[in-house]
Amino acid sequence: MGDLSRRGFLQSAAAVAAAGALADAVAEAEQPQPAAASPAGPVVVSSANGMRATQKAAEVIAAGGDTLDAVVAGVNIVEEDPADMTVGYGGLPNEDGVVELDSSVMHGPTCRAGAVAALRSIKTPSRVAKLVLERTDHVLIVGEGALRFARAHGFEEVNLLTDEARKVWLEWKERHSEDDDWIPPEVPEADRESRRVVPRGFTYGTITCLGLNAKREVSGVTTTSGLSFKIPGRVGDSPIIGAGLFVDNEVGAAGSTGRGEAVLKICGAHSVVEAMRGGMAPVDACLHALKRIVATTTEKRLRLKDGRPNFDVKFYALSRDGRFGGAAIWSGGKYAVFAEGRNRLEECAFLYEKPKSESK
Ligand code: GLY
Numbered sequence: 364m365g366d367l368s369r370r371g372f373l374q375s376a377a378a379v380a381a382a383g384a385l386a387d388a389v390a391e392a393e394q395p396q397p398a399a400a401s402p403a404g405p406v407v408v409s410s411a412n413g414m415r416a417t418q419k420a421a422e423v424i425a426a427g428g429d430t431l432d433a434v435v436a437g438v439n440i441v442e443e444d445p446a447d448m449t450v451g452y453g454g455l456p457n458e459d460g461v462v463e464l465d466s467s468v469m470h471g472p473t474c475r476a477g478a479v480a481a482l483r484s485i486k487t488p489s490r491v492a493k494l495v496l497e498r499t500d501h502v503l504i505v506g507e508g509a510l511r512f513a514r515a516h517g518f519e520e521v522n523l524l525t526d527e528a529r530k531v532w533l534e535w536k537e538r539h540s541e542d543d544d545w546i547p548p549e550v551p552e553a554d555r556e557s558r559r560v561v562p563r564g565f566t567y568g569t570i571t572c573l574g575l576n577a578k579r580e581v582s583g584v585t586t587t588s589g590l591s592f593k594i595p596g597r598v599g600d601s602p603i604i605g606a607g608l609f610v611d612n613e614v615g616a617a618g619s620t621g622r623g624e625a626v627l628k629i630c631g632a633h634s635v636v637e638a639m640r641g642g643m644a645p646v647d648a649c650l651h652a653l654k655r656i657v658a659t660t661t662e663k664r665l666r667l668k669d670g671r672p673n674f675d676v677k678f679y680a681l682s683r684d685g686r687f688g689g690a691a692i693w694s695g696g697k698y699a700v701f702a703e704g705r706n707r708l709e710e711c712a713f714l715y716e717k718p719k720s721e722s723k
């Protein structure tokens, strides 16, 4: 905030607070708009589940806070919210019914990174990832080592599996195979769909949050419970620097949500940032990386009959001059943005129009 006058700062802080009051009232996304913003105030970009994160991060930046502190404070709200079953506490578990969390952070001004993967029992993996950045000589700590590291820093251990998530897992467990001894409850055929607790096609979910201040400092965080019902120990793109998150203070930042295996294979977020370095606008850089995913998805089981991917990935990008964008393989996606004093959802660009009857 060093280059804002006190008056400008107070106006900026007031605008952020006013937007906060409006945020709860935002029910529907606005129409697509030119993805450009003045970097004079905070610019924060997140996945669609990150409206509270963008608001919080913008408030922290407007108050003079560091961009990494800001985005981590933003995603902490979602990590601690049991209602979001894709992130942190209440996230869907692995195939054994155990929640394992992944997160990474990058701080643009110092070019530093930290991450944790397959972390159990800690609600806020992004805060542990930030401590890996700040208090170790490492970038990534996984599994039992990550838990012991969190313990050493005084994090409270909790059972991350909420009753709601347990019921979803149990339904999956009882229904996913007829070749085991788990049997679902007797439900009349007609009631089956209405009694279903596992959302159809629900497999991936994540939050990413990228923040920029008036000094053109950029930071980012990605945090997730990963693929639901995964093989224990599976690690997706979110905690991998260059895949689920990449920040370069000279260019900007990118993050991803969706099928992590596809993002890992193309070093997704790094590809987006490098495309921006080469001169692409953020939204074009996201589309460029998505095309690489389509080109590298060779497995028949991952393609529709017409050859297009049967899954979705979204990239989100923020350039150091305050431009931003989001794009998905399939239409219908949205992303959260705080820019020019306004918090809102915007529509993602996309490669393919989603068939009305299909759920991706
Ligand atoms: N993108 C989240 C994951 O695949 O784990």
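Residue 364 is where the sequence shown starts when you use my numbering, and the numbers rise one by one after that.
Even glycine gets a Cβ: it sits at the ideal position worked out from N, Cα and C.
Computed from a predicted structure; not experimentally measured.
Going by other Cβ atoms of all chains shown within 10 Å of its Cβ, with 16 needed for buried, is residue i buried or exposed?
i	result
N412	buried
K697	buried
E709	buried
G451	buried
I546	exposed
C711	buried
K668	exposed
A481	buried
P645	buried
P551	exposed
G704	buried
T430	buried
Let me know the secondary structure DSSP gives residue i once reduced to three states.
i	result
G437	helix
G583	strand
T659	helix
E710	strand
C649	helix
I424	helix
T430	helix
P472	coil
F360	The shown model of the chain, from 364 to 723, leaves out residue 360, and the question about it has no answer.
P718	coil
W693	strand
P486	The displayed chain sequence assigns Lys, not Pro, to residue 486. Coil.
L533	helix
S325	For the chain, the structure presents residues 364 to 723; residue 325 sits outside this window and is missing.
L667	coil
L494	helix
Straight-line CA distance for residue i to residue j?
i	j	result
K663	I594	21 angstroms
D647	G631	14 angstroms
G454	E527	10 angstroms
R538	V531	11 angstroms
E422	H470	18 angstroms
K654	T620	15 angstroms
A553	E458	28 angstroms
A476	S540	41 angstroms
V610	G583	7 angstroms
V389	K719	Any answer about V389 is weak, because its pLDDT of 36 lies below 50 and its placement is not dependable; what the coordinates show is given next. Distance between the alpha carbons of V389 and K719 is about 25 angstroms.
K628	I424	33 angstroms
G508	E716	43 angstroms
R689	E549	This sequence places Gly at residue 689; Arg is not what is there. Looking at the two C-alpha atoms, the distance is approximately 44 angstroms.
L496	G670	41 angstroms
G618	K536	31 angstroms
P445	A478	22 angstroms
G599	E624	6 angstroms
V502	F687	27 angstroms
P672	T525	32 angstroms
R514	D675	36 angstroms
K493	A426	20 angstroms
P472	N612	6 angstroms
A398	A652	Note on A398: pLDDT 47, under 50, position unreliable in the model; the coordinate value appears next. So the two alpha carbons sit approximately 18 angstroms from each other.
R529	P456	8 angstroms
Do residue i and residue j have their C-beta atoms closer together than 8 angstroms?
i	j	result
Y643	V614	Tyr is not the amino acid found at residue 643; the sequence shown has Met there. Not a contact, by the Cβ cut-off of 8 angstroms.
G589	E463	yes
A702	V406	yes
A691	G574	no
G685	C572	no
S779	T586	Nothing about residue 779 can be reported from this structure: the residues present for the chain run from 364 to 723 only.
A606	V581	no
A680	V635	yes
S489	V505	no
K486	L523	yes
Y714	L650	The amino acid occupying residue 714 in the given sequence is Leu; Tyr does not appear at that position. Taking 8 angstroms as the Cβ cut-off, L714 and L650 qualify as a contacting pair.
For ligand 3, I want to know if residue i counts as a neighbour, meaning its beta carbon is within less than 7 angstroms of at least one of the ligand's heavy atoms.
i	result
T569	This structure simply doesn't include ligand 3; it includes ligand 1 instead.
Within a Cβ cutoff of 6 angstroms, which residues of the same chain sit near residue i, ignoring the five residues on either side of it in sequence?
i	result
G460	W532
G568	T449
S682	G615, M639, P645
H633	G605, F609
F592	E458, W535
E520	S484
V408	L573, Y679, L681, F687, V700
For residue i, which residues in the same chain have their Cβ closer than 7 angstroms to its Cβ, ignoring the five residues on either side in sequence?
i	result
I440	R415, A416, K419
G517	none
Apart from the five residues just before and just after residue i, which ones in its own chain have a Cβ nearer than 8 angstroms to its Cβ?
i	result
I656	A625, V626, K628, I629, G631, P672, V676, I692
D447	N412, V441, G453, G454, G568, I570
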